[in-house]
Amino acid sequence: MKHISESQLALYAGDDLTGAEREVVAQHISVCGECRKSVERLSAAVGWMKRISPEPSESNLLHVQRRIYEAVERKQHAGKTMGALAAAAVLAIVAFAYLHHVPANAPARQQPAAVSIARSGTVAKQLPQVASKSLPRAPLVRTQRKPKKHGFVRPGVTEMSVVAQNGGPPVIRMKTTDPNVVILWIVSGGSEQEKNDGKGL
Amino acid sequence: MHTPTVLRTAQRLLLNEADAQDATQEVFLKLYRSFSKFNQERELLPWLYRITANVCHDLRRKRKPVVAMEQIAEPAATGCSPEEEMSRAERWKVMTAALAILSERERDAIVLRDLESLSTREVANALGITEGTVRSQISTGRAKLKEYVMRKGRSGA
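Chains G and B supply the protein sequences, listed in that same order. Start counting the first sequence at 1; every next residue gets the next number (the numbering used here). Start counting the second sequence at 1001; every next residue gets the next number (the numbering used here).
Spelled out as structure tokens, the structure:
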């Protein structure tokens, strides 16, 4: 009996064959114990790799998120890139993950829980739970500036309003000079101690 | 939201915690510079995988040899203790030792296809190669991993 090549068996084990190829291998291994055993070992090796590979440790994750914050803030202050709106969006992505990886026994921090850019009416789907309400520090998006003569025009905030939510955190809604961009700043609570200290992220 | 994904992928591609953190920071700085290009969230993740692969590739070129052998402690045996009972540090050592037997190209394809569960097309897009090349690399990589697991299972048991 002519056996199936190991490369084909390896692709079969990971479901990477097309329909016709998969059918040929399936028919063969139904009658060939040697090839069937090889497929089982290949599948087991892939499964073992998946199980053994660890997720990033919480400490590493927090450390790298803090590095990203600091690096983006340095760029933002340098004022050589596209502007505060992009920085706010990138920081929001990092902040979201950061908030969901703070250890359960760690003291809460007062910080913006998430900043979402809604385009064409799209609204952020996930709102984190908060214990108390407090107003955050000034938003990352700065006041309107004169547009440059060429290139990217920095969107500025034209209107801010607080949107009440039933039992949830207050949401600050900011309209910008770009009618397609609305910033929603969802305010999270912090520990009483940190509020008194005036600490924020 | 995407930071764990980028850091995890970088760790598996680079097999080095410190380099993976550098790569992750660089990826998000590139995102910061390019954010205006994205109109929808669904465009972001494939872009992040592609940039992560590129940044890791550049870091490997700058810092060869990629993995100093002393950084990888050989596992005693892959089959002698349940994975759930192993500490994260032990699992990290076992994973890096296994992935280190692959060539860089094979590792890129195996990490994205088998560990990150991207489709063959998505892996091809992320790595800038054809789907045929991805299939070739993952088949070779899986065969090597199979031999590795069998060898370690026999030698340590």
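Glycine is no exception: its CB is placed at the ideal position from the N, C-alpha and C atoms. Everything numeric in this text was worked out from a predicted model, so none of it was measured.
Checklist line | Inter-residue spacing [alpha-carbon to alpha-carbon] between B/S1036 and B/E1017 | finding: 30 Å
Next item on the list: Scan the segment 9 to 20 of chain G for residues whose Cβ lies nearer than 7 Å to a Cβ of chain B and list them as they occur along the chain.
Entry: A10, L11, A13, G14, D16
Notebook entry, point to check: Does the beta carbon of B/E1017 come closer than 8 Å to any beta carbon on chain G?
Noted result: yes
Notebook entry, point to check: Do the CB positions of B/L1112 and B/Y1049 come within less than 8 Å of each other?
Noted result: yes
Next item on the list: List the DSSP bridge partners of G/T176.
Entry: The beta-bridge partner set that DSSP reports for G/T176 consists of G/V157.
Item checked: Cβ neighbours of G/G14 in the same chain (closer than 7 Å, five flanking residues each side left out) -> V46
Next item on the list: Please state whether DSSP places G/L184 in a helix, a strand or coil.
Entry: For G/L184, the secondary structure class from DSSP, reduced to helix, strand or coil, is strand.
Next item on the list: Spatial neighbours of B/P1004 within its chain, please: CB distance less than 6 Å, with the 5 preceding and 5 following residues excluded, ordered by chain position.
Entry: none
Check: By how many angstroms is the C-alpha of G/I186 removed from the C-alpha of G/K175?
Finding: 15 Å
Checklist line | Close beta carbons around B/A1023, own chain, < 6 Å, minus the five adjacent residues each side | finding: A1010, V1055, C1056, L1059
Margin query: Does G/V31 come out as helix, strand or coil in the three-state DSSP assignment?
Written below: coil
Next item on the list: Assign B/R1061 to buried or exposed, taking buried as 16 or more other Cβ atoms, counted over all protein chains shown, within 10 Å of its Cβ.
Entry: exposed
Margin query: Does the segment 5 to 20 of chain G come into contact with the segment 1135 to 1148 of chain B, if we say contact requires no fewer than three beta-carbon pairs (one atom in each stretch) closer than 8 Å?
Written below: yes
Note to self: Taking the alpha carbon of G/L42 as the reference point, which residue from G/R67, G/S5, G/P54, G/Q27 has its own alpha carbon closest?
What the structure shows: G/S5
Next item on the list: Tell me whether G/M1 is buried or exposed, calling it buried when 16 or more other Cβ atoms sit within 10 Å of its Cβ.
Entry: exposed
Next item on the list: Indicate the three-state DSSP secondary structure (helix, strand or coil) for G/Q110 in the structure shown.
Entry: Residue placement at G/Q110 is poorly supported in this model, since its pLDDT is 41, which falls under 50; the coordinates still yield a value, given next. Here G/Q110 carries a coil assignment [DSSP, helix/strand/coil].
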